[in-house]
Structures are given as C-alpha cells and as structure tokens.
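Below: one structure, written as structure tokens.
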C-alpha cells in the first residue's frame, strides 16, 4: 500500500550572504538533510547535504552545482523560483532478486519549480532517505517537439581531507565496466590516467561513507559516468564518448514533459548502511510485469570458461547437462557458438536431451546491430524487434527459460532504449535476461523483474584473458566488489574455481572460491569451472553448493573493509548463510557478532580452509577443504569465531533444526510437540479420516496433548519460516 501526503513547504531567507533563497528536506529519521540554495548574483543553484547526530551537524556533501543545459537554452543560471511542495513517500514493495525481497520505500520529497529567462520551466526533485539522498531534473511543460540535453552540470563536492576513494576507470570507448577498482586511493590525488570514472564510486571521508551512482534510467536519456578527476573533491558528470555506438548521438533527446534519471548518494556512518542499502531500487519505477511466477532465479552450470569451444560440441554439452542434473542445479547456460553445434547433434537435440533430464536451458546471443563489431554467433537476432520477437517466440516454445545477451558497447541513449526493449519483449515470452558486456545496474530489476543478472564486472574470465595482471589483484578485488559494484544490483562474476584443472592458477583457496557464491549477490549465478572440478569436492561441499539460494530475505554485512576482507550473513526462510573471504596474504581470526540470528537449535554446516603451511610462487599449495556438520544452539546475542587462511575463506550454513519435510503421527500427542520458535498456532483437534485439516502458521505449530490423527486422515501445517513444509 502506498501513502502519499502533500503539503506546501518552502523556506525563504533574505540575507546579506551570497544566496537569496534556501529550501530543505530531511530524512524520516531526521539525520540526513539536503539544502538547496539559489545564489543571489547569477541565479544559479547549489545543494549540500548534512548528517545530523546528537544535535551535531556535519556537512558530508559540500556546496555542489545543479543545472542542465539543453541545446536550445540553459537551465543553470538566471533561474527564477516559482513554487515548492513536499511529499512523503511510504510504500511497501517486493523484489524477485537481491539482498532483501520485501522492501519499504520511505522518504521525504521536495519538488522545486523554476523558470529561466525565456520562461521555460525546470523542476528539481529531491528525496531524503535514512540512508542517503537522491535528486533528478524534470522539464514539466508539454511539447511534441524533440529537445536535446547536451550537459548535466551536476557536481558532487566531497571533502578531501584524509578521504579515500574506491573508483573504477571508465572505458571511454566501448565501456564494459571491467577495470580493476582503485583500492582506497587518496581523494586529494588526481586520477588523470583515466578519461573518466565509472559508477558506482565509493568514498570514505572523515565522518561518513558515501557511494555515488544513478538509477531509474529510462530510454529518454543516456547512461552517465563521472568525468576525469583532478583531485579537488569535485566529481562531475560526463556524457558517453562520441566514438561509441557507430555515430549514435552522445546527447539525450526527448519530447516534453521529460524526467531524467535519479542522481543517487548513499550515506552511512558505518559501511553496512551503504552496503545494505536498497536506495537504487527505491527510486526506480515499480514493476511493469503483472504475472511474475515464471521468474525463478537460481544457480546455473556453465561450460564456456572451462572449454571455450564447448558450445559447438554436442557431446561436451550433453555431458554438462548430465552434470547439471546430477548436481541438482536448475539451469545450464549454453554460450556463444551454439548455432554451430556439431559432433553428434545440434542445438535442438541438446534442448530435447536437457528437457528429458529436467534441466532448464539459457541461450547466449550477440546483441548485433550497428553498435558492435563482434561477429560471434548467433548474431543479428536481437537488434531488430520483429526478428527478436520471432526468436523469443521460437525458443519459448522449445522450453528455453532465459537469454544471455552480450556486446552492447555503448551507454548512449539508443542503446539504453535497446536494453529496455529487450526486457519488455523477453517478458512477453516469459524469458529471464542476463546482460553481458553491459552497463552497470540502474534499478531495472525492479521495473523489469525478469532482469536477474548483469555482468559489468571484471570477473573470472579475466584469468584467461588478463591472467598476469588479474591473478595478484583478484583476492583484494573480490573484497572490493561487495562494497562497490554489487551494492547497486546483481553481478554475474561467474565465481568458484576449484583447483587448477583448467590450468588457471589462482591465489585464492578453494573455500574462498566457494564462499564467493554467497559473498557475491546475483539472481542467476553461474558456476564457472569444469564439471570434474565440482565432482571432486567433498560430499558436504557439493550439497551446500547445490542447495545455495541466490535470492535473500535479509542481508547483513557482518564486518569487513574494501581491499582486506568481508563477511556476510544472508537469510533465506529460517536458515542463515554466512560467508567470509580474506583478500590478504595473512591469517585472519574473526569473532563475528550475529545478534540478528534467532535463538534456538540449528544444524551447522561448515566449509573452512585446510591448513596452509607453504606458499609456492605466492599462491597456496594446499587446496584442502575442511568440512563439518554439527548441532548448534544459537544463544541470545550470538557470536561465532572463525579463522580464514591467507587468501582463504569460509562458508557456513545454519539450518533451523526444527524444519523438516514430514512428520508422521502414529499415536495421540501426549506431550506438547513444537515446530519452530514463535507465533504458534495451537492445535488440539482430533482429525478423523473424513475431517482432514490444514493449518497455516506464521513461524511455528504447537501440537497439544489430546491432538490425534486417525488412520487415513491428513494433517498439514504450512510454516512460512521453513517454506511450506
């Protein structure tokens, strides 16, 4: 349910200072406050953001510019204030992927309306959340003519004293967001080796953590990035490179009214506030897909990394289908070249074989069209809508569940429209989507929930194509991504390299690699390595991997710091999945505080590093995995100790011991039997064969003395916390 409260709100100050008017909007908890000012001299606009705690105010975003330039006129100076109003946003909504599926979007919103010297109107909309600020521009007038934005003059002015930045260089030509992040570079240091910086960008100032990105990008605008950074704390916005997209315009074009993307500033005194934030989803448009029951994210096998030509070989693909079925994985991705499949069968034969094994397939496509020059097949089935819809209808009829579409190579407006057209058409044919060679997430997974995965990351394929550079940086890189790229949406890193069967040496231990499945968040997670590598794992490791969820009811950053280590705790139902990775070449002993885990009995499954006594060529020689399966009683204010070896990790699953699939009643209940821990439904009925009963419980069912189920009767208790058991 969505509640919106309207009221008129503005504050006007007439002072001797350099600004004539000022407006403010604060977060629901009152701790974050955005102030917008109009300068008295040239009529331009500035904003700044304060963090207020214990009656002390700290400026976390210093005075920064606002404004937009259209090709026909400017909206950055000589603006005249007209009106303002505020709105309270308070809505609950659901996601199908992500770190938390049930979300509350709660913010205070301020809309300011101005006109320029030509009486053309500009609106600036600010929202203040408990974990940040977002703002966007809107031209509210109506016109069927095309208008062009040539420059977004927004800046983000950050304090540079003792500040650090985790930023990624922007690929100024054909961006794919696959550079390594700069690891805590000083904010007073210029980054002129890059033509620009990518979203998202993470900063640690003296008082707060800040992450910058954009969201709710529609087909009326291009994807923005940050301009070259000079070391002065000023981060400004840049348009896509004119060289991208084979002559597509680098400007944005639209009729009026015209609403532009949100500029998002996540703010937290602690890192977990930023990492756990869903601000990108909050500001994005709600779902356009009414029936989403067919969208079922999950783990997927993948053959391409372990054998680049495997999609052209029917026997290799058939063997991978067998592995997928035997490992109890729901999906298998058939990658580039599948239309050229031979050696005993073609793609249709593989689809029929997979269907017989109850393995659901995804298919890879080259996005094609004028925006890229890759010839990999299948190509040119996506760019033209009529051909794309025909192909989607064909593969839908064959039982295909999703498409991986690659090589977009530009952030220009025409390519943004291409992405969104694909998502709309795929939804019509009930196909999930994974974008590769793509832009970073922009909140589209809320608007189009069939978008379950995006690449835009330097992932495991870098071992093959950039191994000498990637290998020594990979452990730290793994620990930076959860604080940067993965904060804003799903990330198809393709994790979990076991041993060196692919002849790819990695510094990280095998447990570190397995833990990535839970450290990284992605609706459709692909296991990168050979089938034989996973088949060689200990039995418990195989079970834990095959049963690992990819969507979460709750996520907590337990501890960590970008570049050193990270520990996550994620909940699915009543079970907790706790994982950690070590990005440094030293033992790390952890004492983990887990107060959010409910007290009670659990079954504790653990994968941890075997002892590493020697290093050869700077990587661990031991790939041993220690496994254990023990009972565990979580106390109030629960803490757990765990050790991670150099470049190591751990994966722990706490399964509620009371959760079970079946309970056969053979006699009358004489002592109370309780399943789960709270919110009980008490059952005292005598259930006869002609009076079957079903209970729908919240988190537990309590059978009291006197309860009896006669032979032939049926008693079912649906317990939400365990999934319908």
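In the numbering used here, the protein residues as written are 119 to 843.
Every residue gets a Cβ at the ideal spot worked out from N, C-alpha and C, and that includes glycine.
message: Among 346, 562, 285, 194, whose alpha-carbon lies nearest the alpha-carbon of residue 406?
response: By one-based count along the chain shown, residue 406 stands at place 288. Among 346, 562, 285, 194, the Cα nearest to that of residue 406 belongs to 562.
query: Can the beta-carbon of residue 316 be found closer than 7 Å to that of residue 343?
result: In the chain shown, the residue the question calls residue 316 occupies position 198. In the chain shown, the residue the question calls residue 343 occupies position 225. Cβ distance < 7 Å, so residue 316 and residue 343 count as in contact.
- request: Can you check the segment 205 to 283 for any alpha helix (DSSP H) of at least 4 residues that lies completely inside it and give the ranges in chain order?
  value: Those alpha helix (DSSP H) runs which fall completely within the segment 205 to 283 and span 4+ residues do not exist here.
message: With a threshold of 8 Å, are at least 3 pairs of Cβ atoms found where one atom belongs to the segment 522 to 532 and the other to the segment 480 to 497?
response: Touching, per the Cβ criterion.
- request: Just mark residue 159 as buried or exposed, buried being the case when its beta carbon has 16 or more other beta carbons within 10 Å.
  value: Position 41 of the chain shown, counting from 1, holds the residue named residue 159. Burial state of residue 159 is exposed, judged by a 10 Å Cβ sphere holding fewer than 16 other Cβ atoms.
- request: Check the C-beta distance from residue 186 over to residue 255 and give it rounded, since I have them as a contact under 8 Å.
  value: The residue labelled residue 186 in the question sits at position 68 within the chain shown. The residue labelled residue 255 in the question sits at position 137 within the chain shown. Between residue 255 and residue 186 the Cβ distance is about 5 Å, and since that is below 8 Å, they are a contact.
- request: Would you kindly report the start and end of the unbroken beta strand (DSSP E) that includes residue 684?
  value: The count along the chain shown starts at 1 and reaches residue 684 at position 566. Per DSSP, residue 684 belongs to the beta strand (DSSP E) from 683 to 690.
- prompt: If residue 622 sits next to residue 581, beta carbons under 8 Å apart, how far is it from one beta carbon to the other, in whole angstroms?
  reply: Taking the chain shown and counting its residues from 1, one reaches residue 622 at position 504. Taking the chain shown and counting its residues from 1, one reaches residue 581 at position 463. Rounded, the Cβ-Cβ distance is 5 Å, consistent with contact.
query: How many Å lie between residue 604 and residue 538 at the Cα?
result: Residue numbering aside, residue 604 sits at position 486 when the chain shown is read from its first letter. Residue numbering aside, residue 538 sits at position 420 when the chain shown is read from its first letter. Taking the straight line joining both Cα atoms gives about 21 Å.
- request: Have a look at the DSSP bridge pairing and note the partners of residue 380.
  value: Reading the chain shown from its first residue, position 262 is the one you call residue 380. Note: residue 380 is bridge-paired with 333 in the DSSP secondary-structure output.
task: Below 8 Å CB to CB, which residues in the same chain sit around residue 167 once its five sequence neighbours on both sides are set aside?
output: In the chain shown, residue 167 corresponds to position 49, counting from 1. Hits under 8 Å: 150, 151, 152, 153, 177, 178, 179, 251, 383, 385.
task: Would you list the residues sitting across from residue 757 in a DSSP beta bridge?
output: Here residue 757 corresponds to residue number 639 of the chain shown, with the count starting at 1. Answer is 711, bridged to residue 757.
query: Pick from 424, 364, 263: whose alpha carbon is nearest that of residue 619?
result: Working through the chain shown from its first residue, we reach residue 619 at position 501. Measuring from the Cα of residue 619, the nearest candidate turns out to be 424.
- request: Go ahead and label residue 493 buried or exposed: buried means 16 or more other beta carbons lie within 10 angstroms of its beta carbon, across all protein chains shown.
  value: Taking the chain shown and counting its residues from 1, one reaches residue 493 at position 375. Exposed: under 16 other Cβ atoms inside 10 Å.
query: Residues in its own chain within less than 8 Å of residue 534 by CB, not counting five upstream and five downstream?
result: Locating residue 534 in the chain shown gives position 416, where the first residue counts as 1. Excluding sequence neighbours, residue 534 sits near 335, 336, 337, 339, 340, 341, 557.
field: Given residue 366 as reference, the closest of 157, 768, 241, 490 once Cα atoms are compared
entry: Residue mapping note: residue 366 aligns to position 248 of the chain shown, counting from 1. The residue with the shortest Cα to Cα distance from residue 366 is 490.
- request: Compute the minimum distance between the beta carbon of residue 586 and the heavy atoms of the ligand COA, and state whether it is under 6 Å.
  value: Among the ligands in the structure shown, none appear at all, so the ligand COA cannot be discussed.
Rounded separation between residue 647 and residue 675 - CA only: Position 529 of the chain shown, counted from the first residue, corresponds to residue 647. Position 557 of the chain shown, counted from the first residue, corresponds to residue 675. When rounded, the distance between both Cα atoms is 27 Å.
message: Quick check on this structure: which residue in 742, 755, 225, 763 has the alpha carbon closest to the alpha carbon of residue 704?
response: In the chain shown, residue 704 corresponds to position 586, counting from 1. For residue 704, the closest of 742, 755, 225, 763 by C-alpha to C-alpha distance is 763.
field: Presumed contact (8 Å Cβ cut-off) between residue 571 and residue 610, rounded CB distance
entry: Against the chain shown, residue 571 aligns to sequence position 453. Against the chain shown, residue 610 aligns to sequence position 492. Sure, about 5 Å apart at Cβ, within 8 Å.
task: Label residue 412 either buried or exposed according to how many other C-beta atoms from any shown protein chain fall within 10 Å of its C-beta, with 16 as the threshold for buried.
output: Locating residue 412 in the chain shown gives position 294, counting from the first residue. Exposed, by the Cβ-count rule.
- prompt: Between the segment 200 to 220 and the segment 304 to 318, are three or more C-beta pairs nearer than 8 Å?
  reply: Flag = no, the segment 200 to 220 and the segment 304 to 318 do not touch.
query: For the segment 414 to 469, which segments carrying the beta strand (DSSP E) assignment without a break, of at least 3 residues, lie completely within its bounds, in sequence order?
result: Runs of the beta strand (DSSP E) inside the segment 414 to 469: 416 to 420, 449 to 452.
- prompt: Hey, quick one: how far does the alpha helix (DSSP H) through residue 562 stretch, first residue to last?
  reply: For the purposes of this step, residue 562 is taken as residue 444 along the chain shown, with counting starting at 1. Bounds of the alpha helix (DSSP H) holding residue 562 are 562 to 565.
- prompt: Are the beta-carbon atoms of residue 750 and residue 773 separated by less than 7 Å?
  reply: Mapped onto the chain shown, residue 750 falls at position 632. Mapped onto the chain shown, residue 773 falls at position 655. Result no, Cβ atoms of residue 750 and residue 773 do not sit closer than 7 Å.
- prompt: Helix or strand or just coil, what does DSSP make of residue 586?
  reply: Position 468 of the chain shown, counted from the start, is the residue given in the question as residue 586. Reduced to three states, the DSSP call for residue 586 is helix.
task: Return helix, strand or coil for residue 181, following the three-state DSSP convention.
output: The sequence position of residue 181 within the chain shown is 63, counting from 1. Residue state for residue 181 is assigned as strand, using DSSP reduced to three classes.
query: For residue 345, does the three-state DSSP call read helix, strand or coil?
result: As a position in the chain shown, residue 345 is number 227, starting the count at 1. Three-state result, residue 345: strand.
task: Using the Cα positions of residue 398 and residue 433, report the straight-line distance between them to the nearest angstrom.
output: For this step, residue 398 is matched to residue 280 along the chain shown. For this step, residue 433 is matched to residue 315 along the chain shown. Taking the Cα positions, residue 398 is about 43 Å away from residue 433.
- prompt: Does the beta carbon of residue 183 come closer than 7 Å to any beta carbon on chain D?
  reply: Considering every chain present, this structure includes no chain D. It has just one protein chain.
field: Pick from 699, 356, 471 that is closest to residue 267, judged by C-alpha positions
entry: Locating residue 267 in the chain shown gives position 149, where the first residue counts as 1. Here the closest residue by C-alpha is 356.
message: Would you call the segment 497 to 504 in contact with the segment 461 to 473, where contact means no fewer than 3 C-beta pairs closer than 8 Å?
response: As far as the Cβ criterion goes, the segment 497 to 504 does not touch the segment 461 to 473, which means the pair count is below three.
field: Beta bridge counterpart(s) of residue 487 as assigned by DSSP
entry: Here residue 487 refers to the residue found at position 369 when the chain shown is read from its first residue. Answer is none; residue 487 lacks a bridge partner.
field: Paired residues, beta bridge with residue 327 - DSSP
entry: Stepping through the chain shown from its first residue, residue 327 is reached at position 209. BP columns for residue 327 point to 322, 386.
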